[in-house]
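Below: one structure, written as structure tokens.
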Amino acid sequence: MDLFEYQGKQYFARYGIAISPGDVADTVEEALEVARRVGYPVVVKAQVKVGGRGKAGGVKLAHDDDEVRLHAGNILGLDIKGHVVKRLWIEHASDIEREYYASFTLDRPNRAHLGMLSAHGGVEIEVVAEETPDAIAFLSIDPVVGLDLATARRWVDEAQLDEVAREQAAELLVKLYDCYTKGDCDLAEINPLILTPDGRVHALDAKVTLDENASFRHPEWEQYRATDTEDPREKMAKERGLNYIGLDGTVGIIANGAGLAMSTLDVVNQVGGTAANFLDIGGGANADVMAAALEVINADPKVSAIFVNIFGGITRVDEVAKGVLAALERVEITSPIVLRLDGTNAVEGRAILQPHLNDHLMTEATMLDAARRVVALAKG
Amino acid sequence: MSIFVDEQTKVIVQGLTGGQGRFHGLRNRDYGTQIVGGVTPGKGGTDVEGIPVFHRVVEAVAATGATASFVVVPPPFAAAAILEAAAGGITFIVCITEGIPAHDEALTYNRLVEEFPGVRLLGPNCPGIISPGKCNIGITSGDIALAGGPVGIVSRSGTLTYQALHELSQQGIGQTTCVGIGGDPVPGTNFVDCLAAFEDDPETKAVMMIGEIGGSEEERAAEWIRAHMTKPVVAYVAGITAPPGRKMGHAGAIISGSKGTAGAKMDALREAGVFVCANPTEAGAKMVEIVRAL
């Protein structure tokens, strides 16, 4: 789960990481109230989960009430790459002496944590990594050992941060590691981490991705969940407990297992179609789950045909077939459905469906044949 | 022969008294696996359909001589269960639990390596392992596997593993061992571990490998194959059309920036001499062709 900047900053603050004084605002009036509270000048920042806010006019400096009214009014409702701004973060503007970069993430190939620190912040780290890889000090951290202050001190030396910033930066990095691990982040990134002319080091931006598998030990994440998804289809799927990702195509996909669902998308694409979604209904493809899945797919106006791709393992295909029929009694589906049922008890499953087959409910023996049929139907 | 597990392997089930543990544990026993005990703290002294239950792994190992454990416990308790198994004398741990926090996985993996170097963990979040006709630990349906070899299968995805087994079994082609390594960010056992074991197994004549987007395990496998593998490998990588930045079901299946794409993985495998196929059906057909020509 990706956090908005303001949520990331608030998350950092929980772990004692210095941020600029600021607050959120959903209206121009609230923006004024926050600006007066934190003190001018302030920065008015659009809260959207997409890069390039500044270029799109979503980040503005304001010196007084009039400028806050002007900028807050312009930015609220602004469309940035398809994301409409509904919330602002207003913070006291910082003078910047230097911009650094710091992050922690999981280094999967080495099964360790990876810290990245650079004296060249404020630009995309991918660009730094590409053009001047030596400007990034990488630190591999054994999760069993963790990161202590002594190691962090060597690290800031290696990254050649300005002398005056080093001790504060080292302390902040230990806190950021703490936030990353205890806070169950997939990514905790500060870009830029700034040094002010009066010698203070703090986070000017926050990019945090939380590991949703750790939700059970973070009741405080509930507040983030409310703002997590904007796609109405994904909201609906989430409410029904389905593993769904909305895409832009016309073929609705239902499959059991993440790998098979991904593979189904691929095969639809290979035969010239486009998938409307990724949907993994998991192992237990009973009538309730199938009905919920069909409801979500049916609510997507772009969908013109549906591909149900089930491989029975422990879930027997005859049970899946019964589930599909029961679901169809409960939900009225507008698009034609092509089923490919294979695996345990596939013959029995197909026999159950046989009397119900028509031009709205069809079966095919293989994944490839089913994909061809459903794509032809989707194209009308 | 087979890799990692065979008819001699004695298995305990951690979480045998839970709904899932009971279901899969008994299924595995019905398949012929030597399920010799269960472990549930607080329920020692009871039994599940004749399988004795112990409070602790160490007790179960002492009483049964088990060397393998099947961990079926909820995510908050999985890391502790894995470490208890290792400390209790188990050398092969299969953990099917889905939804373990990535930080717990990273910590547990490193503790295993540092404190229990002789222990192999398979998973978490994997379907398990089956050596057809000999031993089945996990959730794979034994019906779709066929004993006798000569194909070894290693896969990151559950249902695609079943699909692969099915495609081969239907054509009368058996498997030595089928290993599901799971779709999580920090797998205990990776492609290279399995490829190396298959390379060393005289009965395995060819290997089918099923990858998916995210991480760089497939690329590392490709490097290893290029340098060491003498047996033919057929591969399929799921997620060619997956959008970047979205977790496709599995916690590990995510394209970050330009890294982890299916295309890059397929290219790396192809360059290493692997037969890369566009979908599971093609991969099955290619393997059938290879085995028939052996």
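From first to last, the protein sequence lines stand for chains A and B.
Number 1580 marks the last residue of the first sequence (this note's numbering); no jumps.
Number 300 marks the last residue of the second sequence (this note's numbering); no jumps.
Think of the CB as a built atom: it goes at the ideal place given N, C-alpha and C, for glycine as much as any other residue.
Bear in mind the structure is a predicted one, so any value in this text is a computation, not a measurement.
Using a beta-carbon distance below 7 Å, is N1469(A) in contact with chain B? yes
Note down, in chain order, all residues in the segment 1307-1325 of chain A with a beta-carbon under 8 Å from any beta-carbon belonging to chain B. R1308, P1309, R1311, A1312 and H1313
Helix, strand or coil at L1557(A) according to DSSP, with G and I counted as helix: coil
In the DSSP assignment, find the unbroken beta strand (DSSP E) run with T1409(A) in it and report its ends. K1407 to L1410
Are there 16 or more other CB atoms within 10 angstroms of the CB of K1286(A), so buried, or fewer, so exposed? exposed
Residues of chain B with CB closer than 7 Å to the CB of N1443(A), please, in chain order. G255
Confirm, please, whether the CB-CB distance from I150(B) to L128(B) is below 7 Å. no
Say whether chain B places a C-beta atom closer than 7 Å to the C-beta of P1343(A). yes
Whole-Å CB distance - V1259(A) paired with K1245(A), under 8 Å assumed: 5 Å
So is H1556(A) buried or exposed if we call it buried at 16+ other beta carbons inside 10 Å? exposed
On the criterion of 16 or more Cβ atoms from any shown chain inside 10 Å, does M293(B) qualify as buried, or is it exposed? buried
With which residues is S1340(A) paired in a DSSP beta bridge? L1314(A)
Let me know if F60(B) comes out buried or exposed under the rule of 16 or more other beta-carbons within 10 Å of its beta-carbon. buried
Validate contact between the segment 66-75 of chain B and the segment 39-54 of chain B using beta carbons, cut 8 Å, 3 pairs: yes
For A1526(A), which three-state DSSP category applies? helix
Is the Cβ-Cβ distance between F1416(A) and P130(B) less than 7 Å? no
For P1221(A), count the other beta carbons within 10 Å of its own beta carbon; 16 or more makes it buried, fewer makes it exposed. Which is it? exposed
Any idea which residues DSSP pairs Q40(B) with across the strands? K16(B)
Assuming T108(B) and S163(B) are in contact, meaning their beta carbons sit under 8 Å apart, how far apart are those beta carbons, in whole angstroms? Sequence inspection shows Ala at residue 108(B); the Thr mentioned does not correspond to that position. About 18 Å; that fails the 8 Å criterion.
Would you mind telling me which residues of chain A sit closer than 9 Å to R276(B), beta carbon to beta carbon, in chain order? In chain order: nothing, as chain A lies at least about 16 Å away.
Could you please give me the residues that DSSP links to G134(B) through a beta bridge? G144(B) and G186(B)
Within 8 Å, do at least three Cβ pairs link the segment 1438-1445 of chain A to the segment 1282-1298 of chain A? no
Expressed to the nearest angstrom, what Euclidean distance is found between the alpha-carbon atoms of Q169(B) and A1455(A)? 13 Å
Report the neighbours of F1478(A) on chain B: residues whose CB is nearer than 9 Å to its CB, in chain order. A248, P249, R252, M254 and G255
Here's a check: name, in chain order, each residue in its chain whose Cβ is nearer than 6 Å to the Cβ of R33(B), leaving out the five neighbours to either side. none
Check whether the Cβ of R117(B) lies closer than 7 Å to any Cβ atom in chain A. yes
If you draw a straight line from the alpha carbon of G1593(A) to that of A1565(A), how long is it in whole angstroms? For chain A, the structure presents residues 1201 to 1580; residue 1593(A) sits outside this window and is missing.
Inter-residue Cα distance where the pair is G56(B) and G1513(A): 26 Å
What is the rounded straight-line gap between the Cα of A1312(A) and the Cα of N116(B)? 8 Å
For A214(B), three-class secondary structure by DSSP: What sits at residue 214(B) in the sequence shown is Met, not Ala. Residue state, collapsed to three classes: strand.
Helix, strand or coil for H1402(A), going by three-state DSSP, please let me know. strand
In this structure, does DSSP put Y1240(A) in helix, strand or coil? coil
Going straight from the alpha carbon of A268(B) to that of A1369(A), what length do you get? 38 Å
In the structure shown, what three-state DSSP assignment does E1324(A) receive? coil
Where does L1447(A) sit, in a helix, a strand or coil, going by DSSP? coil
Going by DSSP, what residue range makes up the alpha helix (DSSP H) through L1373(A)? E1363 to K1382
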